[in-house]
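Report on the following structure.
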Amino acid sequence: MSRHIPDDEFDRRLRDVLHSRALSITPDVDAIDRIHAGARRRQRRQRVAVSGGAALAVIAVAVTGVTLRPTHHNGSQLAGGPSSTSPSTASSTLSKAPSPVPSTVAPSSNTFTATGPAATTPATIPAGGAPPAGFTPMSVTAVNANTYWVLGHAPCAQGSSCVGIAKTTDGGKTFTEVGAPASNLVPDVLGNSDVFSGDTISDIRFVDSNDGWAFGGGLWQTTDGGQHWTQYSGPNPPILGNPQQLAVASGRVWAIATDTNKAGTPPAYGLFTATYPGGKWTLVQQPLVAFGAPEPMLAVQGKTVTVIGTDYSTGKPVGLRSTDGQTFSTLPTGLPCTSAPGQPLSPTPQGLWLACSSSSGKLGGVYFSPDFGKTWQVASSKLADPRVAIGGVDDKSAIVATGGKLLRVNVDGSTASVSTPSVPASTQFAFIGFTTANDGFAVPVVNGTRQLWRTTDGGAHWSVVKF
Amino acid sequence: MQPSAALLRPSIRTNVPGVMVDEERQKVFDEFARARMPELLRFGHALTGNPHSAADLVQDALERTMLAWPRVEKQGDPEGYVRRIMVNRNISIWRRRRRETLVLDVPEDVRPGGSSGSVEPPIRDLALWDRVRSLPPRQRTVIVLRYYEDMSEAQIAAVMGSSVGTVKSQASRALAALRKDSATFADGEVRR
Numbered sequence: 020m021s022r023h024i025p026d027d028e029f030d031r032r033l034r035d036v037l038h039s040r041a042l043s044i045t046p047d048v049d050a051i052d053r054i055h056a057g058a059r060r061r062q063r064r065q066r067v068a069v070s071g072g073a074a075l076a077v078i079a080v081a082v083t084g085v086t087l088r089p090t091h092h093n094g095s096q097l098a099g100g101p102s103s104t105s106p107s108t109a110s111s112t113l114s115k116a117p118s119p120v121p122s123t124v125a126p127s128s129n130t131f132t133a134t135g136p137a138a139t140t141p142a143t144i145p146a147g148g149a150p151p152a153g154f155t156p157m158s159v160t161a162v163n164a165n166t167y168w169v170l171g172h173a174p175c176a177q178g179s180s181c182v183g184i185a186k187t188t189d190g191g192k193t194f195t196e197v198g199a200p201a202s203n204l205v206p207d208v209l210g211n212s213d214v215f216s217g218d219t220i221s222d223i224r225f226v227d228s229n230d231g232w233a234f235g236g237g238l239w240q241t242t243d244g245g246q247h248w249t250q251y252s253g254p255n256p257p258i259l260g261n262p263q264q265l266a267v268a269s270g271r272v273w274a275i276a277t278d279t280n281k282a283g284t285p286p287a288y289g290l291f292t293a294t295y296p297g298g299k300w301t302l303v304q305q306p307l308v309a310f311g312a313p314e315p316m317l318a319v320q321g322k323t324v325t326v327i328g329t330d331y332s333t334g335k336p337v338g339l340r341s342t343d344g345q346t347f348s349t350l351p352t353g354l355p356c357t358s359a360p361g362q363p364l365s366p367t368p369q370g371l372w373l374a375c376s377s378s379s380g381k382l383g384g385v386y387f388s389p390d391f392g393k394t395w396q397v398a399s400s401k402l403a404d405p406r407v408a409i410g411g412v413d414d415k416s417a418i419v420a421t422g423g424k425l426l427r428v429n430v431d432g433s434t435a436s437v438s439t440p441s442v443p444a445s446t447q448f449a450f451i452g453f454t455t456a457n458d459g460f461a462v463p464v465v466n467g468t469r470q471l472w473r474t475t476d477g478g479a480h481w482s483v484v485k486f
Numbered sequence: 008m009q010p011s012a013a014l015l016r017p018s019i020r021t022n023v024p025g026v027m028v029d030e031e032r033q034k035v036f037d038e039f040a041r042a043r044m045p046e047l048l049r050f051g052h053a054l055t056g057n058p059h060s061a062a063d064l065v066q067d068a069l070e071r072t073m074l075a076w077p078r079v080e081k082q083g084d085p086e087g088y089v090r091r092i093m094v095n096r097n098i099s100i101w102r103r104r105r106r107e108t109l110v111l112d113v114p115e116d117v118r119p120g121g122s123s124g125s126v127e128p129p130i131r132d133l134a135l136w137d138r139v140r141s142l143p144p145r146q147r148t149v150i151v152l153r154y155y156e157d158m159s160e161a162q163i164a165a166v167m168g169s170s171v172g173t174v175k176s177q178a179s180r181a182l183a184a185l186r187k188d189s190a191t192f193a194d195g196e197v198r199r
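So the protein lines, in turn, are chains X and Z. Just add 19 to the spot in the first sequence (first one is 1) and you have this note's numbering. Just add 7 to the spot in the second sequence (first one is 1) and you have this note's numbering.
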């Protein structure tokens, strides 16, 4: 008959066992050399893997570690857009806007393939000079009216395309290349799906002159204004999956990334957060909902975090909100979009703007929430095109891309035209976002090529940024 | 704009695209690895239950740490970083080797102080050690972090990337398994 061992005694025995000197192991004399050699082997393997380019990326779609994100089918607006930053609150969202239309493309489909600049090896544009001829913007992020960074690509001497980041401190009069992560650029082809992996990026985000992130499958961070970038690797298995949206506010980084705890098809998404620089990423507990495809949208303003997405189990729209960055609850009154979400969400200091298709799927609707998702009011439900991109200016109006042009939509339902460069009616907009109530950016796709537009009067007038 | 001074210094390129590690940082890493390796090996031994696996685990973790050294060094807790890699890699490796690992009987030559020629004294409570080694890796990891690292449940949850509730349940199961028939080895009657 066994006798009971008191807890204290058992704990002591357990500690004694684990602290026994018998567990000591004498390091080999050549241990350091073997670590160096092993690290070099890893380095070579990774270089080979990275230089495999898009061909490997496409093949890898059928394997693990690569995420297909359906975006902009039907040519709707895109992801990879710039950020909208409010200097007064140091809060913004890098608004990657998925399709405003319920996805008809299975996220796991391998029908879509990477094209464009992602097909290159991860060469970068050297730092120190002006952007080379042919520099094409992909994503923009600003910390004030004069200082912003543009992630883009340009033809290389090798005949391929190089990733680069151009920075301006004079409002766009001059640009200088800073360092860029040696990564593949996700093409973000409108009407296509993006192929993500741990070595791809599609967006850039700076919260101040030093701290910035490049992300889109992979994640890089800089603490010196983009001169040097460090790739997030994390533990293995990773805590953070492939990040696809990222926002920074109140000393925390927030990211929507694939949830590595829910491997499978379609992918599950989670909300992750970390302090910066160098904080450990953790999955925000979401006892109320798990997000499925299409990827949920993230908007952060101060300590208020709003996530709108699709319930992984039911496929219905669902939203979460926290006003303290810690405790989340479902949005109490549901969402104005009756179709599955995936629509652009744009924060302003006064509230959230949301664009989505109507229940018929034929008309676009614009909504404003003065309480960051708790309640919504209709600003417009009569837009001609459901493929809507939106950038909130303030609590009075937003700039909306619909039907190939920009339009001001006021919260009272009225609309007004704005002055833009002349573009074809087929032009689609990848992104619209505002840094302040006056300063904003738009990324139109004109004849298949992206441009960067800028406004300094709250969206009334827009002009092309020249590199 | 002129290239920064950092880019002009002699450097080696790590596997991390865009990250340069200069020679001074390399030396700092080597010193760190050399100084902490005995303790890391010991920790690895507790995690894996096997000195050979411990050596592999430490090597794997330090290789990864070396390649991420600029970032790791900047974070200010390199040993914590290595240990987190070890914890998670050990669980990951175990997943791939499940069939090989799920055995109760352990080869004699890998036991501490056994016939492997170790100069260290054998574990006095060898039966309990064997039972620890036979735990599923996640449960064993929780036990090691709790009783070897003296971590709280919240700290363990953070390192393992799981919830506190999961840690509690893993610890509960592990302790129940360890206590099972504990009296039979409490007095050393069944030491193998």
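Just so you know, even glycine gets a beta-carbon here, dropped at the ideal spot from N, CA and C.
What span of residues does the alpha helix (DSSP H) with residue i cover, start to end?
i              : result
L69 (chain Z)  : P58 to L74
M158 (chain Z) : It is not in any alpha helix (DSSP H) - M158 (chain Z) carries neither H nor E in the DSSP assignment.
W395 (chain X) : Run containing W395 (chain X): none; DSSP gives neither H nor E here.
D137 (chain Z) : L133 to R140
R186 (chain Z) : V171 to R186
Against chain X, does residue i count as a neighbour if the rule is that its beta carbon must be under 8 Å from one of theirs?
i              : result
P58 (chain Z)  : yes
S125 (chain Z) : With a pLDDT of only 41 at S125 (chain Z), under 50, the local geometry of the prediction cannot be trusted, and no value is derived from it.
M73 (chain Z)  : yes
Q66 (chain Z)  : yes
D63 (chain Z)  : no
R140 (chain Z) : no
E80 (chain Z)  : no
E203 (chain Z) : With chain Z running from 8 to 199 in the structure shown, residue 203 (chain Z) is simply not present.
P85 (chain Z)  : no
P143 (chain Z) : no
R186 (chain Z) : yes
Please confirm whether residue i has its beta-carbon closer than 8 Å to some beta-carbon of chain Z.
i              : result
L37 (chain X)  : yes
R543 (chain X) : Only positions 20 to 486 of chain X appear in the structure, and residue 543 (chain X) is not among them; the question remains open.
T140 (chain X) : Here T140 (chain X) scores only 46 on pLDDT, less than 50, and its place in the model is too uncertain to base an answer on.
S235 (chain X) : The sequence given here places Gly at residue 235 (chain X); Ser does not occur at that position. No, its Cβ sits nowhere closer than 8 Å to a Cβ of chain Z.
S252 (chain X) : yes
I144 (chain X) : no
R340 (chain X) : no
S43 (chain X)  : yes
G57 (chain X)  : yes
P150 (chain X) : no
R61 (chain X)  : yes
F487 (chain X) : Any answer about residue 487 (chain X) is impossible in this case: the structure gives chain X only from 20 up to 486.
T333 (chain X) : no
T455 (chain X) : no
I54 (chain X)  : yes
T249 (chain X) : yes
Which residues mark the beginning and the end of the beta strand (DSSP E) in which residue i is found?
i              : result
F453 (chain X) : Q447 to F453
W168 (chain X) : Y167 to P174
I150 (chain Z) : That residue, I150 (chain Z), is in no beta strand (DSSP E); its alpha helix (DSSP H) goes P144 to Y154.
A40 (chain Z)  : Per DSSP, A40 (chain Z) belongs to no beta strand (DSSP E); it is in the alpha helix (DSSP H), E30 to T55.
K186 (chain X) : S180 to T187
S436 (chain X) : T434 to S436
N429 (chain X) : K424 to N429
T160 (chain X) : T155 to A161
I418 (chain X) : S416 to T421
G237 (chain X) : G237 to T241
Checking contacts by CB at 8 Å: is residue i closer than that to chain A?
i             : result
I51 (chain X) : The chain inventory of the structure shown lacks chain A, comprising the protein chains X and Z.
Quick one: does the C-beta of residue i sit closer than 7 Å to a heavy atom of the ligand SAM?
i              : result
T439 (chain X) : In terms of ligand content, the structure shown is empty, and the ligand SAM therefore cannot be addressed.
Item to check | Residues within the region 290–319 of chain X neighbouring chain Z, beta-carbon criterion of under 8 Å | outcome: P296, G297, K299, T301, L302 and Q304
Checklist entry - Between the region 28–55 of chain Z and chain X, which residues of the former have CB atoms less than 7 Å from a CB of the latter, in chain order? => result Within the region 28–55 of chain Z, the qualifying residues are D37, A40, R41, M44, P45, L48, R49, H52 and A53.
Next on the checklist: Give me the subset of the region 260–275 of chain X whose CB atoms are less than 8 Å from a CB atom of chain Z, sorted by chain position.
Outcome noted: none
Checklist entry - Using a Cβ cut-off of 8 Å, which residues of the region 145–158 of chain Z contact any Cβ in chain X, in chain order? => result I150, V151, Y154 and Y155
Checklist entry - Closer than 8 Å, Cβ to any Cβ of chain X: which residues of the region 163–176 of chain Z, in chain order? => result Per Cβ criterion, the list reads A165, G168 and S170.
Item to check | Meets three-Cβ-pair contact criterion under 8 Å: the region 51–61 of chain Z and the region 224–232 of chain X | outcome: no
Checklist entry - With a cut-off of 8 Å, do at least 3 Cβ pairs link the region 462–475 of chain X to the region 173–182 of chain X? => result Fewer than three beta-carbon pairs drawn from the region 462–475 of chain X and the region 173–182 of chain X are found closer than 8 Å, and the two stretches are therefore not classed as touching.
Checklist entry - For the 8 Å Cβ check, are there 3 or more pairs between the region 147–163 of chain X and the region 433–447 of chain X? => result no
Next on the checklist: Beta carbons nearer than 8 Å to chain Z: which residues of the region 176–192 of chain X have them?
Outcome noted: none
Item to check | Every unbroken beta strand (DSSP E) inside the region 284–352 of chain X [3 residues or more] | outcome: 288–294, 310–320, 323–330 and 336–341
Item to check | the region 167–176 of chain X touching the region 215–223 of chain X, judged by at least three CB pairs closer than 8 Å | outcome: yes
Checklist entry - At a cut of 8 Å, does the region 28–48 of chain Z reach the region 62–76 of chain Z through at least three beta carbon pairs? => result yes
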